[in-house]
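Position 320 (the sequence shown) corresponds to 321 in our numbering; numbering is contiguous.
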Amino acid sequence: MPLALLALAIGAFGIGTTEFVIMGLLPEVANDYGVSIPTAGYLVTGYALGVMFGAPLMTVLGTKVPRKRMLMLLMGLFIVGNLLSALAPAFSVMLIGRVVASLAHGAFFGIGSVVAAGLVAPHKKAGAIAMMFTGLTVANVVGVPLGTLIGQSVGWRVTFAVVAVLGVVGLAGVAKLVPDVPRAEGVRLRHEMAAFKNVQVLLAMAMTVLGFGGVFAAITYIAPMMTHVAGFADGSVTWLLVLFGLGMVGGNLVGGRFADRALMPMLYISLGALSVVLALFTLTAHNKIASAVTVVLIGALGFATVPPLQKRVLDHAHGAPTLASAVNIGAFNLGNALSAWLGGVVIAAGFGYTAPNWVGAVLAAAALLLAVVSAALERRSSAPGAVVAGSAPAERRAAVHH
Numbered sequence: 002m003p004l005a006l007l008a009l010a011i012g013a014f015g016i017g018t019t020e021f022v023i024m025g026l027l028p029e030v031a032n033d034y035g036v037s038i039p040t041a042g043y044l045v046t047g048y049a050l051g052v053m054f055g056a057p058l059m060t061v062l063g064t065k066v067p068r069k070r071m072l073m074l075l076m077g078l079f080i081v082g083n084l085l086s087a088l089a090p091a092f093s094v095m096l097i098g099r100v101v102a103s104l105a106h107g108a109f110f111g112i113g114s115v116v117a118a119g120l121v122a123p124h125k126k127a128g129a130i131a132m133m134f135t136g137l138t139v140a141n142v143v144g145v146p147l148g149t150l151i152g153q154s155v156g157w158r159v160t161f162a163v164v165a166v167l168g169v170v171g172l173a174g175v176a177k178l179v180p181d182v183p184r185a186e187g188v189r190l191r192h193e194m195a196a197f198k199n200v201q202v203l204l205a206m207a208m209t210v211l212g213f214g215g216v217f218a219a220i221t222y223i224a225p226m227m228t229h230v231a232g233f234a235d236g237s238v239t240w241l242l243v244l245f246g247l248g249m250v251g252g253n254l255v256g257g258r259f260a261d262r263a264l265m266p267m268l269y270i271s272l273g274a275l276s277v278v279l280a281l282f283t284l285t286a287h288n289k290i291a292s293a294v295t296v297v298l299i300g301a302l303g304f305a306t307v308p309p310l311q312k313r314v315l316d317h318a319h320g321a322p323t324l325a326s327a328v329n330i331g332a333f334n335l336g337n338a339l340s341a342w343l344g345g346v347v348i349a350a351g352f353g354y355t356a357p358n359w360v361g362a363v364l365a366a367a368a369l370l371l372a373v374v375s376a377a378l379e380r381r382s383s384a385p386g387a388v389v390a391g392s393a394p395a396e397r398r399a400a401v402h403h
């Protein structure tokens, strides 16, 4: 794998750390600014919304900028956002800093996926994308626990200052290691938008929302579930999240490796197994050892879907993949927000702390169903003389010539 992937992974590590570390520092931030925990929670919501809307916005703004330069500009925006959070004199200013940092998130992963895939041979594309996303998964194993420890020991502002330094390292890595990738000739915004007329691109994004939403339906409420149901001490939640992160790392690498060989079978297996494991979590959550094992499996199976889904979007948005790739990153955050809300609804309805696991199981099963539908449509479009509505012109010509 090219060293440029290491630079992209470092940037992903910083982004993953700043996204999730706030969850462990909400009490400290709330106390410092004199706001309630629910109010401090806007720092999480604001970031997620910033990713959703920032992904297409920043990508559109960068359509006329070479990809390497755009990656550097995005890392610069990330550094500014985290420095603003570290130095914020008021809660509102910190919220602005979080949103500024989040604007770089979706576009960095979207453009980075395109760059990573272009650095390797076609049969290694999913593996290259997985290598970049390894930075995000490792952040949950190392960056988030370490950032939480720093924040609780010497102050949360130091945590965000350290994250800003990680951004500087990522920026230097991109500048030094990522080659100058020429902007695709003839590609305009209307070409990028045309990808959304492709039903396969839309189905892949819907699978992203539902599949990863299944993961976060359970993980969002892991703290009350593990302490009130499994019987873990409050301090054990950090280590359970580390186990979840380890599962993410393994699943991401396995998903990238096998997606290059058999993409759709990889999705069938991971989504199907994820649905079953989430359903079983309603039972295993009552036992410490079983629940810990289940948390690892959820992380592994959930992130095993990321490289194949991202590659599928790239494959079907060929010719103008950048915007579609970035929007798919926003789809992950849409899934997070949707599933967290649904999980809260069933808990508030009195079904208990394990109820979100059923929500997650249903969402993952729905994603599996969409994968089956997507494959069926693809087989139909490859039939002799077949033309499928919403397919790209190149795909139509290929179908006719077959």
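Positions of the beta carbon are idealized from the N, C-alpha and C atoms, including for glycine.
Any idea what DSSP makes of residue i, helix, strand or coil?
i           : result
residue 20  : helix
residue 181 : coil
residue 43  : helix
residue 352 : coil
residue 357 : helix
residue 258 : helix
residue 263 : coil
residue 278 : helix
residue 396 : The pLDDT assigned to residue 396 is 42, lower than 50, so where the model puts this residue is not dependable; a value taken from the coordinates is nonetheless given after this. Helix.
residue 48  : helix
residue 336 : helix
residue 5   : helix
residue 83  : helix
residue 221 : coil
residue 63  : coil
residue 401 : For residue 401, the predicted model reports a pLDDT of 39, less than 50, meaning its position is unreliable; a value from the coordinates is still stated below. Residue 401: helix per DSSP, three-state reduction.
residue 124 : helix
residue 286 : coil
residue 329 : helix
residue 199 : coil
Rounding to the nearest angstrom, what Cα-Cα distance links residue i and residue j in this structure?
i           : j           : result
residue 1   : residue 195 : Residue numbering for the chain in the displayed model covers 2 to 403; residue 1 lies beyond these limits and cannot be assessed.
residue 333 : residue 221 : 14 Å
residue 117 : residue 224 : 35 Å
residue 201 : residue 372 : 10 Å
residue 9   : residue 370 : 33 Å
residue 325 : residue 112 : 10 Å
residue 72  : residue 247 : 27 Å
residue 103 : residue 303 : 22 Å
residue 40  : residue 86  : 16 Å
residue 204 : residue 375 : 7 Å
residue 136 : residue 59  : 21 Å
residue 177 : residue 150 : 31 Å
residue 101 : residue 52  : 10 Å
residue 278 : residue 65  : 45 Å
residue 50  : residue 242 : 23 Å
residue 345 : residue 215 : 13 Å
residue 379 : residue 252 : 26 Å
residue 240 : residue 199 : 42 Å
residue 46  : residue 170 : 27 Å
residue 389 : residue 319 : With a pLDDT of 45 at residue 389, under the threshold of 50, the modelled position of this residue cannot be trusted, and the question is left open.
residue 229 : residue 300 : 21 Å
Taking the alpha helix (DSSP H) that residue i falls in, what are its first and last residues?
i           : result
residue 316 : 307-317
residue 229 : Where residue 229 is concerned, there is no enclosing alpha helix (DSSP H), given that its DSSP letter is neither H nor E.
residue 106 : 92-119
residue 289 : 289-304
residue 146 : 145-155
Among the options, whose alpha-carbon lies nearest the alpha-carbon of residue i?
i           : options               : result
residue 108 : 152, 142, 150 and 63  : 63
residue 308 : 202, 299, 374 and 114 : 114
residue 99  : 60, 58, 150 and 161   : 161
residue 276 : 287, 306 and 258      : 306
residue 256 : 133, 89 and 382       : 133
residue 361 : 336, 84, 377 and 82   : 336
residue 83  : 319, 91 and 167       : 167
Check whether the Cβ of residue i lies closer than 8 Å to any Cβ atom in chain C.
i           : result
residue 325 : In the structure shown, chain C cannot be found, because there is only a single protein chain.
- Message: Tell me whether the stretch 362-376 and the stretch 199-218 touch, counting them as touching only if at least three CB pairs, one residue from each stretch, are closer than 8 Å.
- Response: Contact between the stretch 362-376 and the stretch 199-218 is present: three or more C-beta pairs spanning the two stretches fall below 8 Å.
- Task: Evaluate contact between the stretch 132-150 and the stretch 18-25, counting only Cβ atoms and requiring at least three cross-stretch pairs below 8 Å.
- Result: Output reads yes: the stretch 18-25 touches the stretch 132-150.
- Quick one: any contact between the stretch 146-158 and the stretch 257-277, if contact means 3 or more CB pairs under 8 Å? No, because fewer than three Cβ pairs between the stretch 146-158 and the stretch 257-277 fall closer than 8 Å, the two stretches do not touch.
- Is the stretch 158-177 in contact with the stretch 289-301, if contact means three or more CB pairs nearer than 8 Å? Between the stretch 158-177 and the stretch 289-301 there are fewer than three inter-stretch CB-CB distances shorter than 8 Å, so the stretches are not counted as touching.
- Touch test, the stretch 313-325 against the stretch 278-289, Cβ-Cβ under 8 Å, three pairs minimum: Segments in contact, no.
- Message: I want to know whether the stretch 231-238 touches the stretch 341-351 - three or more CB-CB distances under 8 Å.
- Response: Cβ pair count under 8 Å is below three, so no.
- When the Cβ atoms of the stretch 259-269 are set against those of the stretch 124-132, are three or more pairs found closer than 8 Å? Short answer: they touch.
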